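> Just passing along the structure, written as structure tokens.
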Amino acid sequence: MRFRTVLTRAAAVGAAALLAVTALTACGGDDTDAADNPYGLLQPGVIRAGTLTDAPPNVFLKDGEFTGFDNELLRAVAAKIGLRVEFVGTDFSGLLAQVNSGKFDVGSSSITITEARKKTVDFGNGYDFGYFGLDVPAGSPITGFDQLAGKRVVVVQGTVQDDYATKQNLDPVRVPDYNSAINQLKAGTADAWIAPAEIGDKSAADSNGKIKVAAKQLSPTPTAYAVAKGDDKLREALNKGLDEVIADGTWSRLQAEYYPGRPVPADFKPGSGSVAVPSPTAAS
């Protein structure tokens, strides 16, 4: 009986020791995971970015690859902080919710910062400015934003252009993507489309004369990358990388490549605003 008691006690001591070793190993694993994935990404070392497929020159597919100013800039920013980017196409109407729910690490789609959107996601520093464009069918008498009352105006759902049209009491027709808006203009089922100006310009140029740009006006707030609420480590890392690609001339080079001839407003400062912006000539 005494021998059996000794064995039982020895087994208990052994089990406790094993549990202690297991606990230490687990703690070490957590430290390793944190070191390998400091930003809590869905896949260590990779930013999974939700973007669009049909909004050139900002975000689009070319030969099956995601590209555009926003996406190429994000690639450059990610490289500065030792990461690469995997892009996934989605609809803009669901993008911010998908970022905050953890489906994507980042939203990249010329997302204008608004107070309403700040309730769903957090934003990095602004990396671009934007204009509203007013596209109309060829032959339309519409020449300005002040002529849209009572007209059938199409917007992409959930965009800042949607917000603008709603605030102007235009009762807009909402569509899921830019191609749907373009098709409505071509078919004559819409009188006008309020679009991001660069996308509107490209769409008109590619329409074989079916669409024209009637007017433009400057958007009041910048565009930025979106991250989940409270994801401060990733947001701060993106801000750091953005300042670095501004300083080394990448931002200016991409501006000249994707928006040739577009002047930068004098009061717009990309990133933190503390970094000197090289001219496109100096950056090339």
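Counting with my numbering, you get residues 101 to 384 for the letters of the sequence shown. Think of the CB as a built atom: it goes at the ideal place given N, C-alpha and C, for glycine as much as any other residue. None of the values given here were measured: they were computed from a predicted structure.
Using three-state DSSP, classify LYS329 as helix, strand or coil.
In the sequence shown, the residue the question calls residue 329 occupies position 229. DSSP places LYS329 in coil when its eight states are reduced to three.
> Do LEU342 and ALA225 count as a contact pair if the criterion is CB distance below 7 Å?
Counted from its first residue, the sequence shown places residue 225 at position 125. Counted from its first residue, the sequence shown places residue 342 at position 242. Checking the displayed sequence, the identity of residue 225 turns out to be Asn instead of Ala. The answer is yes: Cβ separation under 7 Å.
> Considering Cα atoms alone, identify which of VAL206, ASN158, LEU270 is closest to ARG335.
The residue given as residue 335 occupies position 235 in the sequence shown. Per the Cα distances, VAL206.
> With burial defined as no fewer than 16 other Cβ atoms inside 10 Å of the residue's Cβ, what is the status of ASP262: buried or exposed?
By one-based count along the sequence shown, residue 262 stands at place 162. Label assigned to ASP262: buried.
> Taking all protein chains shown into account, decide if LYS302 is buried (16 or more other Cβ within 10 angstroms of its Cβ) or exposed.
Along the sequence shown, one-based indexing puts residue 302 at 202. Buried, because 16 or more other Cβ atoms sit within 10 Å of the Cβ of LYS302.
> State the CB to CB distance for the pair PHE232 and TYR278, rounded to an integer number of angstroms; the pair is presumed to be in contact (CB under 8 Å).
Within the sequence shown, numbered from 1, the residue matching residue 232 stands at position 132. Within the sequence shown, numbered from 1, the residue matching residue 278 stands at position 178. That belief does not hold up - the Cβ atoms of PHE232 and TYR278 are roughly 14 Å apart, past 8 Å.
> For the beta strand (DSSP E) that contains ARG274, what are its first and last residues?
One-based indexing of the sequence shown puts residue 274 at position 174. 273-275 is the extent of the beta strand (DSSP E) around ARG274.
> Could you tell me the distance, in whole angstroms, from the CA atom of THR151 to the CA atom of ALA337?
What you label residue 151 is simply residue 51 of the sequence shown in a count that begins at 1. What you label residue 337 is simply residue 237 of the sequence shown in a count that begins at 1. If I take the Cα positions, the gap works out to 20 Å.
> Could you check where the beta strand (DSSP E) with ALA447 kicks off and where it finishes?
The structure shown does not extend to residue 447, since the chain is modelled only from 101 to 384, so the question has no answer here.
> Please return the same chain residues whose Cβ sits closer than 6 Å to the Cβ of GLN247, not counting the five positions on each side in sequence.
Against the sequence shown, residue 247 aligns to sequence position 147. Nothing listed; no residue qualifies.
> Indicate the three-state DSSP secondary structure (helix, strand or coil) for GLN247 in the structure shown.
Taking the first residue of the sequence shown as position 1, residue 247 is located at position 147. GLN247 falls in the helix class under three-state DSSP.
> Name the residue from PRO237, ILE346, THR323 whose alpha carbon lies nearest to the alpha carbon of LYS312.
The residue given as residue 312 occupies position 212 in the sequence shown. If we check each option's Cα against that of LYS312, PRO237 comes out closest.
> Is the beta carbon of GLU186 sitting closer than 7 Å to the one on ARG148?
Reading the sequence shown from its first residue, position 86 is the one you call residue 186. Reading the sequence shown from its first residue, position 48 is the one you call residue 148. Yes, these two residues count as a Cβ contact at 7 Å.
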